Amino acid sequence: MVIKKLSLLLIVIGILLSGWSGYEWWSQKNAATFQPNKAQAISNNWKETDYQKTVNREVIQTSDVISPKTPVDFITGENIGELTIPQLGYLYPIYWGTDEQTLKQGVGMYDTDFTTLPGEAGHTALAGHRDTVFDGLDQLKKGDRLYVTFDQTTYEYQIRKTWITDEHDRSVIVKKNSPTLTLTTCYPFDYLGSAPDRYIIEASLIQIDDGSDSRS
Amino acid sequence: MKKLVSLLATFLLVFGFSNVGYADDDKNCDDFSSQEEAQTYYENNDPDADPSDLDRDDDGQACENSSYSGASSSDEEASSDDSSSSDEETTSEEDSSSSTTEEGAEMAETATSYPLYMVLGLAIAAFGSLLLLKKRVHS
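If you want it as C-alpha cells, here you go:
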C-alpha cells in the first residue's frame, strides 16, 4: 500500500516536472518568431555571402541617421529592437541586459563598459539561450548576414568568423574600434545541463539603412 | 608485419605533413618571435578579414598582448645589465598594463535546464510506474 502510494506520487511529480519544464521551454522558444517571408523581406541581398567592406567608424559618427539614444535611456528587460536572421527565417526580440530574467524573454543585449549600442559604432553584443531562442545558430556561416533593427534604423552585419571558447574567456566582450556585432550562446548545442563552452559569432557592420528610401 | 609497419610509417608521415601544412596556413601569435613580425604578417594577409584571427580586439594591432620568447630573453639580458630592482619594477608595470587591456566582461549564462528537467521528470514518472507494475505483479 505504501509502495503504491509512493509510486503514484512519483508518477505525478515526474509528469508535473516534465510538463512544467516542457511548457517553459516551449513558450521561451516561441519568443523567436519563425517567419521566413518576413525575415527575408528585410533586404534584397540577404543571400549574398561575398565579402563586404566594414563601414568606417568616422562615417557612422558623422552621419545623421544614427540613433541619439544612449544606454541610460533603457531599463533592464526593456524591449529595444529586433534581430533578424533571414538565413534561418527567424526574427528575435532584443531586450536590454543579459541577466537570467531578461534572457527568458528572448535575446539580450550586453550592458557593459565594453559594449555599445548599434548606433555608437563600437562593439554590440547579444546573448541568447542555445536551447530556446538561439537554437540552430550553429547553422550560420561566415558571410551570412544579420540585421539589427534599433530605433527605426536597420543595421546590416556580415558574419566574419565563428568560434568556440571557454565560458570564462574575457577576451570576447571587449572594447572594439570598428563597428561589430557579436552573438554569444552556450555550446555544445545538444547537451543536457549546464554548458562549459560558448559559441561566438562575430560580424561587422556593412550597411546602415534608416528607411528614408521607403518613406520618400 | 614489415608491410604493416611501413604502411603505418607512410600514414604517419603523410598525416604529419598535412598537419604542418595546416599549421602553416593558420598562424597563431606563438608562431611569431616578435609583435612586429606578427604585425607584418597581419598587414600582408587581408587585415580586414584577419583569417588567422591575430587581431582579436580589432584595433589594428596584431598580437599586442602575446608574450614572445624573443622579448623575454632580451628582458633577461637587460636584467643582467641593469640592477635587478629596476627591472622588477618595469616588468610589474608591463604586467598590469597588459592585464587591463585584456580585461573584458564575463559572458552571459545561455543554457536553460529545461531539457534536463524534462528528461528527469520522465525518468521519475517511469520509475514510479515501474514500481507500481512490480507491486501489481507481486500481489
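Line order of the protein sequences matches chains A and B. Just so it is clear: in the first sequence, position 168 is 169 by my numbering, and no numbers are missing. Just so it is clear: in the second sequence, position 107 is 1412 by my numbering, and no numbers are missing. Virtual Cβ for every residue (Gly too), placed ideally from N, Cα, C. Since this is a predicted model, take the numbers as computed values, not measurements.
For Cys-187(A), the secondary structure class from DSSP, reduced to helix, strand or coil, is strand.
Annotated as distal: Thr-34(A) and Ala-126(A), with beta-carbon spacing of 7 Å or more. Pairing Tyr-1346(B) with Ile-1429(B), the inter-Cα distance amounts to about 58 Å. Per DSSP, Leu-127(A) lies in no alpha helix (DSSP H); the unbroken beta strand (DSSP E) holding it starts and ends at 124-128. Nearest neighbour of Asn-46(A) by Cα position, chosen from Tyr-24(A), Ser-8(A), Gln-159(A), turns out to be Gln-159(A).
Ala-1431(B) counts as exposed, since fewer than 16 other C-beta atoms from the protein chains shown sit within 10 angstroms of its C-beta.
Using a CB distance cut-off of 7 Å, Gly-144(A) does not count as an interface residue toward chain B. The alpha-carbon of Gln-153(A) is positioned some 56 Å away from that of Leu-9(A). Here the C-alpha atom of Asp-132(A) lies approximately 12 Å from the C-alpha atom of Ser-28(A). Listed as beta-bridge partners of Asp-1336(B) by DSSP are no residues whatsoever.
In terms of Cβ geometry, Val-149(A) and Pro-180(A) do not form a close pair [threshold 7 Å]. Between the segment 1415-1428 of chain B and the segment 8-23 of chain A there are three or more inter-stretch CB-CB distances shorter than 8 Å, so the stretches are counted as touching. Residue contact with chain B for Arg-131(A): present (Cβ-Cβ distance below 7 Å to some residue of chain B). Look at the segment 1414-1435 of chain B: the residues with a C-beta under 9 Å from a C-beta of chain A are Glu-1414, Thr-1415, Ala-1416, Thr-1417, Ser-1418, Tyr-1419, Pro-1420, Leu-1421, Tyr-1422, Met-1423, Val-1424, Leu-1425, Gly-1426, Leu-1427, Ala-1428, Ile-1429, Ala-1430, Ala-1431, Phe-1432, Gly-1433, Ser-1434, Leu-1435. Interface residue (Cβ-Cβ distance to chain A less than 7 Å): Leu-1437(B) is classified as such. At least one CB atom of chain B sits nearer than 7 Å to the CB of Thr-99(A). Interface with chain A (7 Å Cβ-Cβ cutoff): Ala-1367(B) is excluded. Of all alpha-carbon atoms in Thr-50(A), Gly-98(A), Ala-42(A), Ile-12(A), the one lying nearest the alpha-carbon of Glu-1414(B) is that of Gly-98(A).
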